[in-house]
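Heads up: the structure comes next, in structure tokens.
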Amino acid sequence: MSESYAFIGLGHLGGNLAASLIRNGFAVTVFDRDPAAIERLVALGASAAKSPAEAAAHAGNAITCLPSPKVSEAVLAGPDGLLQGLPTGGTWIEMSTNGRDEILRLAALASAKGVETLECPVTGGVHLAAAGRITALVGGDAALYERHRSAIEAMCAKSFLMGPIGSAAVIKVITNMLAFIHLVAAGEALMLAKQGGLDLAQSYHAIVASSGNSFVHETESQLVLNGSYDIGFTMDLALKDLGFALAMGERSGVPLDLAARVNAIFERGKEAYGGGAWSTQIVKLLEDAVGTELRAPGFPSRLET
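In my numbering, each number is its position in the sequence shown, counted from 1, plus 122.
Here's what the structure looks like:
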């Protein structure tokens, strides 16, 4: 546990990841644009910094969990950014979701300043991050991964080294694409059950035990049936990730007919409910179209850790 870390980006996901580091005894210096987010982590034992550069200079290594490549670049290389504080030989661990081209470009900016990069996007949902049970998808040098493995494993129950920088971006985009496809499919399945006169709670459990089950149905369908939709992930983020997948398909010559259709559905969802609406509200499009809600008793408003 000799390494200490700056952690930048303390939102729904990042705040939980940083809390896991602190809970496991790591020295963590935090920065976020939201003072309340900083206060929450300081209350758990973190130190506060006034900028990414200050946090990085104090810790020697930095972790980011941010909403877009544009924000990641600003935090990394902008004024008072990480590269103004990280020492030569320090490490930047990028836990945000990026496209392959974006992370390769950002890693090159870091390398030019003598800073090594690990990409480490996570998958599984905010509720698993809160419990330290989320999965890390890692891209980068194997020795660098081993150097920071104890920190990664403090935040994540499982980690997979996928290959060099850019590899984790590819698999993360794939897993997110599948998740959004599964979400739309789960909503359609539940609506068929509703219109077929079935008990929705019993239908949920029957699907869980069937060949048609998915991780997304097991988790996010519960929030639809409750009516909260509160997954902690927005329409805008879903569209960002689907855009990465479609661009990857176009570059590699893979027709992504299903992903393209789901992207169009999410564009309609954003138009109807706003980019800040929970991604799970995509099922509300179907509820509104049919004129009936998918509700059943006994399901939580938020996923339990």
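Note that CB positions come from ideal geometry on N, CA and C, so glycine has one too.
A quick note: this is a predicted structure, and the numbers were derived from the prediction, not measured.
Cβ neighbours of residue i in the same chain (closer than 6 Å, five flanking residues each side left out)
i: residue 258; result: 242, 244, 274, 278 and 281
i: residue 160; result: 152, 154 and 170
i: residue 354; result: 134 and 248
i: residue 178; result: 128, 184, 204, 207 and 208
i: residue 254; result: 142
i: residue 256; result: 244, 246, 250 and 278
i: residue 237; result: 208, 212 and 214
Which residues DSSP lists as bridging residue i, in chain order
i: residue 127; result: 150
i: residue 210; result: Partner(s): none; residue 210 has no beta bridge.
i: residue 185; result: 129 and 215
i: residue 356; result: 400
i: residue 311; result: In DSSP, residue 311 forms no bridge with anything.
i: residue 170; result: 152
Nonlocal neighbours in the same chain, by C-beta distance under 7 Å from residue i, ignoring five residues either side
i: residue 337; result: none
i: residue 368; result: 378, 381, 382 and 385
i: residue 234; result: none
i: residue 362; result: 190
i: residue 227; result: none
i: residue 176; result: 207
i: residue 394; result: 407
i: residue 268; result: none
i: residue 409; result: 415 and 416
i: residue 373; result: none
Chain-order list of residues whose beta-carbon lies under 8 Å from that of residue i (same chain, five-residue window excluded)
i: residue 347; result: 312, 322, 323, 326, 416, 417, 418 and 421
i: residue 387; result: 306, 404 and 407
i: residue 292; result: 222, 284 and 370
i: residue 271; result: 281
i: residue 264; result: 283
Proximity of residue i and residue j at Cβ, strictly below 8 Å
i: residue 359; j: residue 302; result: no
i: residue 356; j: residue 398; result: yes
i: residue 213; j: residue 266; result: yes
i: residue 225; j: residue 287; result: yes
i: residue 156; j: residue 174; result: no
i: residue 138; j: residue 290; result: no
i: residue 350; j: residue 401; result: no
i: residue 250; j: residue 345; result: no
i: residue 182; j: residue 126; result: yes
i: residue 333; j: residue 308; result: no
i: residue 240; j: residue 260; result: yes
i: residue 193; j: residue 168; result: no
i: residue 166; j: residue 132; result: no
Near the ligand COA: residue i beta-carbon under 7 Å from a heavy atom
i: residue 379; result: Of ligands this structure carries none, so the ligand COA is not represented either.
Using 8 Å as the threshold, is the region 319-328 in touch with the region 292-301, meaning 3 or more CB pairs across them? No, the region 319-328 is not in contact with the region 292-301.
Write down every uninterrupted run of the beta strand (DSSP E) in the region 222-292 whose length is 3 residues or greater and which is fully enclosed by it, in chain order. Listed in chain order, the beta strand (DSSP E) elements of length 3 or more contained wholly in the region 222-292 are 238-241, 256-261 and 278-285.
How about the region 217-229 and the region 175-189: do they share at least three Cβ pairs that are nearer than 8 Å? With the cut-off at 8 Å, the region 217-229 and the region 175-189 touch.
Does the region 190-200 touch the region 139-150, meaning 3 or more C-beta pairs lie closer than 8 Å? Not touching, per the Cβ criterion.
Practice item. May I have a chain-ordered list of the alpha helix (DSSP H) segments no shorter than 4 residues that lie completely inside the region 364-415? Key: You should have 379-395 and 404-412.
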